[in-house]
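Trainee: Residue numbers (the numbering used here), protein chains in the order written: chain X, 325 to 669; chain S, 17 to 505.
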Amino acid sequence: MRGKLTMRWLFVALIWAAVLAAGGAAAQAQPIRIVTTTPDLASLARAVTGDLAQVTSISDGHDDPHFLQAKPSYVLAARDADLWVRAGMELEVGWEPPLLSGARRPDLLPGGPRHLDASEKVLKLDIPTGPISRDMGDVHPLGNPHWWLDPINARLAAYALAQRLARLHPANAQAFEANLTAFEHRLDAAMFGPALVDKLGGNSLWSLELTGKLDAFLAEEGLDSQLGGWKARLASKRGAALVIYHKSWVYLTNRFGLRVAAELEPKPGIPPGAGHLTQVVRIMREQGVKVILLEPYYPRNAADLAASQTSARVLVLPNTCGGLAGGQDYLALLNLLVDRLAEAL
Amino acid sequence: MPRLLFSLVVAAGVALMAPVAMADQAEDLRREMDSLRQQMQAMQQGYETRLQQMQQKLDALGSKAAAAAPPASPSRESLAKLAGQGSAAPPPEGSTAWSQAVQKLNPDLSVILDTFYYNNDSKESSAHLLSGIKGFGDPHGHGEEGHTHGGNDKGFNLRHVELQLSAQVDPYFKGWATVAVDDEQAELEEAVIQTTALPYGLRLQAGKFFSGLGRLNSQHSHEWDFVDQPLNYRLLLGEHNLLDKGVQASWLAPLPFQLLFGLEAFQGDNETAFQYLGEDLPEKDGPRLWVGWLKYAPNLGGRHGLQLGASLARGVHQEAHDGDGDGVNDHFLDGHSTLYGLDAVYKFKGHGPHGQGDLVLQGEYLYRRKDLDLYRHDLRPELTGNERLDKQDGFYLQGVYGFLPRWRTGLRWDQVGLINEGHSPSGAAYDYDASNRFTAMLDFSPTEFSRIRVQGSRGSYVLDDGDQDFWEFFVQLQVALGTHGAHKF
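Below is the structure:
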């Protein structure tokens, strides 16, 4: 009797061992699985990995990335990931921790070898300098987390991705490097125009751009006429003022020299009220603001109200790819944003 | 012969003429060379001036290049460095951001303040109403003191101040402790050490913690969608749910859907369902309570989330009663309680901001069976050894919907005692009716750190002293201070 019982337990244990082994073997045969928190990061990961990886994003671009909800399918996605990529700077603080904890993968936790915070190398804005409190709304101590709309940040995040992937999968390091170079070339050509990139090289152009010397250099060399891409498209709009709903556009406006006259939210994360709206309308009239810019997931009644009292136009644009007409990849998203802003401003 | 002579004459003539002709040629050559030399000098001068001009041009170009040209093809790293320098106002040492980075080494501290106004239109207190529901009677028996907690005062109530400290201990463990302080006492709610580095989806935890059974059991009161517990939890597990000292092992199976197994061993100190007295009753060492549960969730895409759970708990249960009301316990029961649970939750993430369009549907069924033997009866010793059996159940169904950004409304239907039968050691059988309650709730969350809630309910309870219908009313205010962690599914 006792022997029979032991045999049965042994049998059950063997079956489970077989299931586990099968799971392990299946995992080895599959391509690299990358899970990102946002579709923009997924687009960058696809650019770097080509067909070497299967990339999925937790957010599909339809929702405010601050306010996703943890759910079992996200936990499963994390559990099966070879690399977890987040935007960081507390963007996902409301839903990422239970996913990573529920996945039961220590290597996926912040600081782990398979956890990449893509904001590590990027240019950061709105870093608070004084003491902060929740009275100020959703102020993030590490700075404004909507960094991906600055093309240099996409470029640096792609670089960080390629570096980490090369460390995790050294056999494919050359492919990642080639893909990264190709992506950088496409992005640089879209930013500055292909003629300048061929003549001077993308890295030199970005170096001049980041130090604020690009315009002076091009003027001196008589190359201004060769500037193309997004930079040229928005060159004549420099200094143009616009009103935004949430402080989620500052990286874009900062890169292209646009000016944010006001936000519809009185404080980050706090919906607009009547008093604040009156003030915004006054600023808009004073500064001749032509555009109110907001994402599709924010209510547009406040924007419509402000627009009706001024000559401004409400522009509903995605600030992430995927989602509502956000374009299927990062470059398409930026193309869309630059085109629409150039038309409207 | 004359031919030879002629040859000699010609040869002599040539020999005589040759020096004259050669002298003429040398003169011509000398002239040519002089002119060539002059030409060469002119050309050289031309080249030199042109070279000098070119050198000057080159120098000019070179200095301009040095002034304005970018460094020869900067590396990606140097671009990253430039981006770092361009980052707005990197925090100076000693600033808040810096000190927050340092604080990350210290535990996260969170404080929940939870206060509410309560009233009902019954003459009884809420504690009396709940403890009087037939079949779910207080297992401590009557006449014992110090168990009036759980009732809400009519008027202002401070539920508690919940203090939580949590931190990663080292690469292998994390820990948290929660202390609930009300205006009379401080109570250690949870103190947990949990592994974070086990492979194969395994996790162990130890300490004092909420059992993972069911859905609501492991949620702190501030996570509830209504002010109060559903009746089945309140009556079958008590005010604090199943909270005990013990260990838990859980395993997330490597399958394409979620299958999470949990096994727990507890000391067995729950006053309502798994009570251990020891005194006047057989002594039993812990663990006296074993709990197993599993949670299944299909891998649903898009905005849908679903989880189904099943639980089983079985443990020692002892009761002492004062039958004649003289203030001294006179009969003692010893045996087991078994609790079966089923739970389901479905969540839909709405399209709107701040929870607009979010829907949560949730329900749980609990069934408890108490098998007790009369261990000792001081008044009727002949009944000793007889069996007492109690079978009770209950469920709740609730739905909460975000109808506007930051606004939610919810409905809940509670029913307990659908099964409500048993018999006493003397053989007297009972079968009582079910009690039920209907609740409606409205809440507003200005931010994710604060919430105001209004709740009303209509109860129809089958009480020891007759049936009663009554209204209950709550206004609740809840705020969270500090680093409040994200909530699970």
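Ideal Cβ positions, reconstructed from N, Cα and C, are used throughout, including at glycine.
1) Can you tell which of His337/S, Gly482/S, His367/S has the C-alpha that lies nearest to the C-alpha of Pro441/S?
2) Any idea if Trp487/S is buried or exposed, counting beta-carbon neighbours within 10 angstroms, 16 or more meaning buried?
3) Beta-carbon within less than 6 Å of Gly230/S's beta-carbon, same chain only, minus the 5 sequence neighbours each way: which residues are those?
4) Roughly how many angstroms separate the alpha carbons of Cys645/X and Pro303/S, rounded to a whole number?
5) Does the distance from the C-beta atom of Val613/X to that of Leu551/X stay below 8 Å?
6) What are the residues in the region 584-600 of chain X lying within 9 Å of chain S by C-beta distance?
7) Can you list the residues of chain X that Leu316/S reaches, using a CB-CB cut of under 9 Å?
8) So, are the CB atoms of Leu377/S and Phe132/S less than 8 Å apart?
9) Under a three-way DSSP split, which group does Asp384/X fall into?
10) Return the Cβ separation of His407/X and Ile358/X in integer angstroms, given the expectation that the two are a contact with Cβ distance under 8 Å.
11) Should Phe226/S and Ser234/S be called a contact, given that it needs their Cβ atoms to be closer than 8 Å?
12) Could you list the residues in the region 520-547 of chain X with a C-beta less than 7 Å from some C-beta on chain S, going in chain order?
13) For chain S, find out if any of its Cβ atoms is closer than 8 Å to the Cβ of Lys571/X; answer yes or no.
14) Counting only Cβ-Cβ distances shorter than 9 Å, please list the residues of the region 462-479 of chain S near chain X, keeping chain order.
15) Out of Arg370/X, Asn477/X, Leu365/X, state which residue places its alpha-carbon closest to the alpha-carbon of Val574/X.
16) Does the separation of the CB atoms of Arg467/S and Asp459/S fall below 8 Å?
17) Report the residue ranges of all alpha helix (DSSP H) runs contained in full by the region 130-157 of chain S; include only those spanning at least 4 residues, in chain order.
18) Excluding five sequence neighbours on each side, which residues of the same chain lie with their C-beta closer than 6 Å to the C-beta of Gln378/X?
19) For His256/S, which residues from the same chain have a beta carbon less than 7 Å from its beta carbon, with the 5 sequence-adjacent residues on both sides left out?
20) Do you know whose CA, among His370/S, Gly343/S, Arg404/S, lies nearest Leu349/S's CA?
21) If I'm right that Trp309/S touches Gly325/S with Cβ under 8 Å, what's the distance once you round it to whole angstroms?
22) Please list the terminal residues of the continuous alpha helix (DSSP H) segment that includes Glu93/S.
23) Run through the DSSP bridge pairs and tell me what Asp441/X is partnered with.
24) In chain S, what lies closer than 9 Å to Asp375/X by C-beta?
25) If we require 4 or more residues per run, which alpha helix (DSSP H) segments fall completely within the region 551-609 of chain X?
26) What residues match up with Val263/S in a beta bridge as DSSP calls it?
27) Does DSSP put Asp169/S in a helix, in a strand, or in coil?
28) Between which two residues does the alpha helix (DSSP H) harbouring Ala371/X extend?
29) Look up Gly366/S in the DSSP assignment and say whether it is helix, strand or coil.
30) Thr505/X by DSSP, collapsed to three states: which one?
31) For the beta strand (DSSP E) containing Glu437/S, name the first residue and the last one.
32) Compute the Euclidean distance between the alpha carbons of Asn527/X and Pro270/S, then round it to the nearest angstrom.
33) Is it a yes or a no for the region 206-223 of chain S touching the region 426-440 of chain X, going by three-plus beta-carbon pairs under 8 Å?
34) Once DSSP output is grouped into helix, strand and coil, what is the label at Lys537/X?
35) Where does Gly546/X land, buried or exposed, given buried means 16+ other C-beta within 10 angstroms?
36) Quick one: which chain X residues come within Cβ less than 9 Å of Phe505/S?
Mentor: Per the coordinate set shown:
1) For the residues His337/S, Gly482/S, His367/S, the minimum Cα distance to Pro441/S belongs to His337/S.
2) So Trp487/S counts as exposed.
3) Contacts found: Ser327, Gly357, Asp359, Glu380.
4) A direct Cα-to-Cα measurement between Cys645/X and Pro303/S gives close to 54 Å.
5) It is not a contact, given that the beta carbons lie outside the stated cut-off.
6) Per Cβ criterion, the list reads Gly593, Ile594, Pro595.
7) Going along chain X in sequence order, the residues near Leu316/S (Cβ under 9 Å) are Lys395, Pro396, Ser397.
8) The answer is no: Cβ separation not under 8 Å.
9) Asp384/X: coil per DSSP, three-state reduction.
10) Position check: residue 407/X holds Leu in this sequence, whereas His was assumed. Leu407/X to Ile358/X, Cβ: 5 Å. Contact.
11) A contact, by the Cβ cut-off of 8 Å.
12) Going along the region 520-547 of chain X in chain order, one finds Gly525, Asn527, Ser528, Trp530, Ser531, Leu532, Leu534, Thr535, Phe541, Glu544 with a Cβ nearer than 7 Å to chain S.
13) Answer no: the Cβ-Cβ gap between Lys571/X and chain S never drops below 8 Å.
14) Pro462, Thr463, Glu464, Phe465: these are the residues of the region 462-479 of chain S whose beta carbon lies less than 9 Å from some beta carbon of chain X, given in chain order.
15) Nearest C-alpha to Val574/X: Asn477/X.
16) Closer than 8 Å, so yes.
17) Secondary structure within the region 130-157 of chain S: the alpha helix (DSSP H) runs of 4 or more consecutive residues, fully enclosed, are 142-147 (chain order).
18) Same-chain partners within the cutoff: Pro355, Arg357.
19) So no residue of the chain qualifies.
20) Proximity to Leu349/S across His370/S, Gly343/S, Arg404/S peaks at Arg404/S, based on C-alpha coordinates.
21) Confirmed, about 6 Å.
22) Start and end: 92-102.
23) Answer by DSSP bridge pairing, in chain order: Arg410/X.
24) Within 9 Å Cβ-Cβ: nothing; Asp375/X doesn't reach chain S, min ~23 Å.
25) Entirely contained in the region 551-609 of chain X, the alpha helix (DSSP H) runs reaching 4 residues are, in chain order, 553-557, 574-579.
26) For Val263/S, DSSP records a beta bridge to Ala222/S, Ala281/S.
27) Under the three-state reduction of DSSP output, Asp169/S falls in the coil class, being neither helix nor strand.
28) Where Ala371/X is concerned, the enclosing alpha helix (DSSP H) stretches over 363-373.
29) Looking at Gly366/S - three-state DSSP - the assignment turns out to be coil, as it is neither helix nor strand.
30) Helix.
31) Residue range 423-439 is occupied by the beta strand (DSSP E) that includes Glu437/S.
32) About 45 Å.
33) Short answer: they touch.
34) Three-state DSSP puts Lys537/X in coil, outside helix and strand.
35) The residue is exposed, with fewer than 16 neighbouring Cβ atoms inside 10 Å.
36) Neighbours of Phe505/S across chain X, judged by C-beta separation under 9 Å: Gln393, Ala394, Lys395, Pro396, Tyr398, Val399, Pro422, Gly426.
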